Amino acid sequence: MNRKELLRMADTYGCPLYVYDTDVIINQYNKITKAFSKVKNVKINYATKALSNINILKVFNSLKSGLDTVSIQEVKLGLLAGFEPKDIIYTPNGVSLQEIEEVAKLGVQINIDNLSILELFGQKHPKIPVCIRINPHVMAGGNSKISVGHIDSKFGISIHQVPHIKRVVENTGMRINGIHMHTGSDILDIDTFIRATEILFEVARQFKNIDFIDFGSGFKVPYKKDDISTNIEELGEKLSRRFNEFCKNYGKDITLMFEPGKFLVSESGKFLAKVNVIKQTTSTVFAGVDSGSNHLIRPMFYNAYHHIENISNPKGRERFYSIVGYICETDTFGSNRRISEIAEEDILCFDNAGAYCYSMASNYNSRFKPAEVMIHKGKDYLIRKRETFEDILRNQEQVTI
Ligand SMILES: *Cc1c(COP(=O)(O)O)cnc(C)c1O
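The sequence shown begins at 16 in my numbering and counts up one residue at a time.
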């Protein structure tokens, strides 16, 4: 998407606006499958929670991707988008046995991440095979807010509890058909990641009849200019070799799975916001936009960096700005950003707005959630209308006081 196209989108659909380019998604999807082309059975399950618009899910379905889901609502969205139940894996954390049973009834692959539920589920449904989520206790990346594989993490069954898993399997007669891990959100060091996969192979070996190993995600994409991203080719080469070797020893061609979210959709998205006000203070110049932490919370939530450009004045003189929102909290998108000169009503474009942006949006300050547009095969489609005042009042029961 070039600057002109983006300005046209802002003009046609208004701001604030999310725009997704499906060419980028398709390209990323092909990159992963290509990197693992030496493995016979590979399945990429797109992590729905990153960007859950049903039209985006349909794009993934058209690519023959599977779906990774974390709630029964995501499962239902996936089914509505046309996915077969067998192509959906459900990896919840801290949900009730009832919800897990409901999802199992739909024919979706269940992934269980605690021993207590595993035992209860196995007793009631010994015929339904389940995958187990293992916590290998390998730290991925440095940010503890997004790393979920460390020893005190709430995710997964500890690697040290594998003997207990085996006991549950023996006692209930249930079958473990898959082994899963998801260590966190940054794979930068391939060898560290490979070390975690070794732990997983070791676990897998202890179960007689598994169909797949799911290596989760953690693929990193660049947000800043010089950011290191996961070297997918190197990972593909090293892990494929190791995986094929495992299959040979195990005596069965099992499926290699991944469940990326960010890698597949982050770079496909742009967020467009209009500048409401320029405000000079004693220490900085603020540019305040018609959006805030209610629409794009990542910078405030976990210090994420989103590159910001002034697409209305790309050739202007560069100045330093703090880009802030209109919410009554400190909602700074970026401090001391060097951006071409900004005037009121200019359109700012935020990069990497595909993953965990719209899907984390809220109605805080009783603001409307933005509209979403998808550009697919050269055409733009409004895939979610901007909210209206009715949406704010929806489900509120008015009591006479
Ligand atoms: C969130 C999540 C993912 C996707 O993570 P990304 O960093 O977006 O690739 C994959 N698997 C599970 C279980 C998740 O919770």
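We put the CB at the ideal spot given by N, CA and C, even for glycine. All values reported here derive from a predicted model rather than from experimental measurement.
Hey, is residue i close to ligand 1, as in C-beta under 7 Å from one of its heavy atoms?
{"i": "residue 277", "result": "yes"}
{"i": "residue 232", "result": "yes"}
{"i": "residue 198", "result": "no"}
{"i": "residue 274", "result": "yes"}
{"i": "residue 212", "result": "no"}
{"i": "residue 207", "result": "no"}
{"i": "residue 85", "result": "yes"}
{"i": "residue 64", "result": "yes"}
{"i": "residue 415", "result": "no"}
{"i": "residue 296", "result": "no"}
{"i": "residue 48", "result": "no"}
{"i": "residue 319", "result": "no"}
{"i": "residue 370", "result": "yes"}
{"i": "residue 106", "result": "yes"}
Compare the C-alpha of residue i against each of the options and name the closest.
{"i": "residue 203", "options": "260, 232 and 191", "result": "232"}
{"i": "residue 351", "options": "380, 70 and 321", "result": "321"}
{"i": "residue 192", "options": "181, 199 and 201", "result": "181"}
{"i": "residue 418", "options": "286, 145, 364 and 357", "result": "With the chain covering 16 to 416 only, the question about residue 418 has no answer from this structure."}
{"i": "residue 334", "options": "302, 51 and 292", "result": "302"}
{"i": "residue 25", "options": "363, 262 and 275", "result": "363"}
{"i": "residue 184", "options": "197, 23 and 143", "result": "143"}
{"i": "residue 242", "options": "319, 264, 293 and 221", "result": "319"}
{"i": "residue 305", "options": "253, 329, 380 and 254", "result": "380"}
{"i": "residue 119", "options": "130, 107 and 129", "result": "107"}
{"i": "residue 124", "options": "365, 115 and 130", "result": "115"}
{"i": "residue 271", "options": "214, 282, 194 and 207", "result": "194"}
{"i": "residue 37", "options": "409, 393 and 405", "result": "393"}
{"i": "residue 51", "options": "198, 169 and 255", "result": "255"}
{"i": "residue 314", "options": "376, 139 and 412", "result": "376"}
{"i": "residue 406", "options": "378, 109 and 416", "result": "378"}
{"i": "residue 208", "options": "235, 226 and 186", "result": "235"}
I'd like to know if residue i contacts chain C, where contact means its C-beta is closer than 8 Å to some C-beta of that chain.
{"i": "residue 44", "result": "Structure shown: chain C not included; a single protein chain is present."}
I'd like the list of long-range same chain contacts for residue i, defined as Cβ closer than 7 Å, with 5 residues on each side in sequence excluded.
{"i": "residue 402", "result": "383 and 384"}
{"i": "residue 399", "result": "68, 386 and 387"}
{"i": "residue 93", "result": "63, 72, 82, 84 and 103"}
{"i": "residue 339", "result": "301, 303, 346, 347 and 348"}
{"i": "residue 221", "result": "177 and 181"}
{"i": "residue 117", "result": "87"}
{"i": "residue 20", "result": "none"}
{"i": "residue 205", "result": "246, 249, 250 and 253"}
{"i": "residue 404", "result": "none"}
Taking the beta strand (DSSP E) that residue i falls in, what are its first and last residues?
{"i": "residue 389", "result": "386 to 391"}
{"i": "residue 438", "result": "Summary: the structure shown does not reach residue 438, with the chain confined to residues 16 through 416, and so no result is reported for it."}
{"i": "residue 382", "result": "It is not in any beta strand (DSSP E) - residue 382 carries neither H nor E in the DSSP assignment."}
{"i": "residue 400", "result": "No beta strand (DSSP E) holds residue 400; DSSP gives it neither H nor E."}
{"i": "residue 195", "result": "191 to 195"}
{"i": "residue 364", "result": "362 to 365"}
{"i": "residue 229", "result": "227 to 229"}
Since residue i and residue j should fall inside the 8 Å C-beta cutoff, what is the C-beta to C-beta distance between them, to a whole number of angstroms?
{"i": "residue 307", "j": "residue 323", "result": "Contact doesn't hold; Cβ gap of about 14 Å is too wide."}
{"i": "residue 39", "j": "residue 48", "result": "About 15 Å separates the two Cβ atoms, so there is no contact after all."}
{"i": "residue 361", "j": "residue 325", "result": "5 Å"}
{"i": "residue 372", "j": "residue 311", "result": "5 Å"}
{"i": "residue 33", "j": "residue 368", "result": "6 Å"}
{"i": "residue 44", "j": "residue 279", "result": "6 Å"}
{"i": "residue 150", "j": "residue 190", "result": "21 Å between Cβ atoms; not a contact."}
{"i": "residue 127", "j": "residue 273", "result": "About 19 Å; that fails the 8 Å criterion."}
{"i": "residue 8", "j": "residue 329", "result": "Summary: the structure shown does not reach residue 8, with the chain confined to residues 16 through 416, and so no result is reported for it."}
{"i": "residue 211", "j": "residue 198", "result": "6 Å"}
{"i": "residue 370", "j": "residue 66", "result": "6 Å"}
Excluding the five sequence neighbours on either side, which residues of its own chain have a C-beta within less than 6 Å of the C-beta of residue i, listed in chain order?
{"i": "residue 160", "result": "Caution is warranted here: a pLDDT of 49 is assigned to residue 160, below 50, making its placement in the model unreliable, and no coordinate value can be reported."}
{"i": "residue 396", "result": "389"}
{"i": "residue 99", "result": "none"}
{"i": "residue 97", "result": "76"}
{"i": "residue 80", "result": "59 and 61"}
{"i": "residue 238", "result": "320 and 367"}
{"i": "residue 135", "result": "112"}
For residue i, collect the residues of the same chain with a Cβ closer than 8 Å to its Cβ; drop the 5 residues on either side in sequence, then sort them by chain order.
{"i": "residue 188", "result": "137 and 141"}
{"i": "residue 157", "result": "Because residue 157 sits at a pLDDT of 49, beneath the cut-off of 50, its placement in the model cannot be relied upon, and the point is left open."}
{"i": "residue 216", "result": "228, 257 and 261"}
{"i": "residue 359", "result": "290, 291, 292 and 293"}
Where do the N-terminal and C-terminal ends of the alpha helix (DSSP H) with residue i fall, by residue?
{"i": "residue 320", "result": "Premise fails: residue 320 is in no alpha helix (DSSP H) and is neither H nor E."}
{"i": "residue 116", "result": "112 to 120"}
{"i": "residue 24", "result": "18 to 28"}
{"i": "residue 265", "result": "247 to 265"}
{"i": "residue 44", "result": "37 to 50"}
{"i": "residue 186", "result": "177 to 187"}
{"i": "residue 138", "result": "130 to 139"}
{"i": "residue 220", "result": "205 to 220"}
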